[in-house]
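S.K.: Okay, here's the structure, questions in a sec.
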Amino acid sequence: MFAKPNPAANQDQLIWKMLFDRQTALLHRRAAPAFNQGLARLGYRRDALPDIAELSAVVRAETGWQLAPVGRPFEPGAFFALLAERKFPIVTRIRPMHNFDFSPEPDLFHDLFGHVPMLLDEGLANFLHELGQAYQAQPVGSETREQLWALYFFTAEFGLVQHEGQPLLYGAGLLSSAGEIHHCVNEHTPRPAFDLATVLRTPVTGTRYQNQYFVLPAWEQLTECIEELAGILAARCA
0 MFAKPNPAAN
10 QDQLIWKMLF
20 DRQTALLHRR
30 AAPAFNQGLA
40 RLGYRRDALP
50 DIAELSAVVR
60 AETGWQLAPV
70 GRPFEPGAFF
80 ALLAERKFPI
90 VTRIRPMHNF
100 DFSPEPDLFH
110 DLFGHVPMLL
120 DEGLANFLHE
130 LGQAYQAQPV
140 GSETREQLWA
150 LYFFTAEFGL
160 VQHEGQPLLY
170 GAGLLSSAGE
180 IHHCVNEHTP
190 RPAFDLATVL
200 RTPVTGTRYQ
210 NQYFVLPAWE
220 QLTECIEELA
230 GILAARCA
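First residue of the sequence shown? That's 0 in numbering that gives the first Met the number 0, and the numbers climb one at a time after it.
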């Protein structure tokens with residue numbers, strides 16, 4: 000017996016295809032090497048929504064992480080608890096057409112296209128794990144937790160890295176949003192050099208384009224800032 004047509008699934012596939020085509024075109028010579036390498040290793044196709052279970056097996060074999068399907072985004076405490084266990088939540092719904100250029104919250108495309116390729120980079124994967132553990136160690140409702148959320152936000156979501164004289168994108172919120180990319184590369188948008196102390200005290204803007212984007216001087220600094228963060232947290236506990 001033939002399966003009945005599924006209009007919703009067909010619509011999701013169309014949105015994936017349109018987003019995939021546009022983002023890969025926009026990211027030509029704009030994405031960090033780690034993203035391009037991860038995308039190639041995953042073998043994404045424009046005409047097929049990726050299977051989360053299959054992707055999870057690939058990611059686990061590469062870095063020890065797993066993908067955890069969720070119905071919707073949830074609060075930071077639950078999110079960082081998963082990161083501490085080397086699990087990354089994947090929202091299973093894709094954005095509607097009216098949010099095509101900019102989704103105000105994570106969706107399937109944001110997570111699969113923006114985050115998963117970067118999870119194949121050992122440096123970023125370790126950074127997220129350490130960040131999750133650091134967050135879990137802090138008191139609920141503390142200012143330090145808010146600052147760790149800002150660090151995640153301005154790296155894994157909206158970070159850039161200097162590479163061969165050019166600031167390239169590696170944050171999933173940039174990689175998955177045409178509107179955010181155009182705003183980021185605008186000559187009037189501030190893109191200061193990454194400084195941990197500054198990032199920790201920068202307010203997070205979750206539902207509109209960012210006021211500024213921080214640029215890592217080198218990819219290695221993402222790993223180095225975890226050691227610097229550990230020193231800051233230790234000093235606060237002393």
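Glycine included, each C-beta is placed from N, C-alpha and C at the ideal position.
Could you tell me the distance, in whole angstroms, from the CA atom of residue 187 to the CA atom of residue 56?
M.R.: Approximately 42 Å between the Cα atoms of the pair.
S.K.: For the alpha helix (DSSP H) that contains residue 187, what are its first and last residues?
M.R.: Unbroken run through residue 187: none, as it is neither H nor E.
S.K.: Distance, Cα to Cα, residue 61 vs residue 72?
M.R.: So the two alpha carbons sit approximately 25 Å from each other.
S.K.: What's the call for residue 141, buried or exposed, on a 16-neighbour Cβ count within 10 Å?
M.R.: By the neighbour-count rule (16 or more Cβ atoms within 10 Å), residue 141 is not buried but exposed.
S.K.: Can you tell me whether residue 10 is buried or exposed, with buried defined as 16 or more other CB within 10 angstroms of its CB?
M.R.: By the 10 Å Cβ count, residue 10 comes out exposed.
S.K.: Just the C-alpha distance for residue 26 and residue 18, rounded to the nearest angstrom, thanks.
M.R.: Whole-angstrom Cα-Cα distance: 12 Å.
S.K.: Going by CA-CA distance only, name the one from 211, 15, 204 that's closest to residue 251.
M.R.: One cannot answer for residue 251 here, as it falls past the ends of the chain, which runs 0 to 237.
S.K.: Residue 185: which of 32, 212, 34 sits nearest, CA to CA?
M.R.: Closest by alpha carbon: 212.
S.K.: Near residue 108, what residues of its chain come up, given a Cβ to Cβ distance below 6 Å and the 5 sequence neighbours on each side ignored?
M.R.: Answer for residue 108: 18, 93, 175, listed in chain order.
S.K.: Under 7 Å Cβ to Cβ from residue 203, same chain only, skipping five residues before and after it: list those, please.
M.R.: So the list reads 148, 149, 152, once near-sequence residues are dropped.
S.K.: Are the segment 36-43 and the segment 114-130 touching, with three or more C-beta to C-beta distances below 8 Å?
M.R.: Touching, per the Cβ criterion.
S.K.: Given this structure, state the Cα-to-Cα distance separating residue 216 from residue 129, to the nearest angstrom.
M.R.: So the two alpha carbons sit approximately 21 Å from each other.
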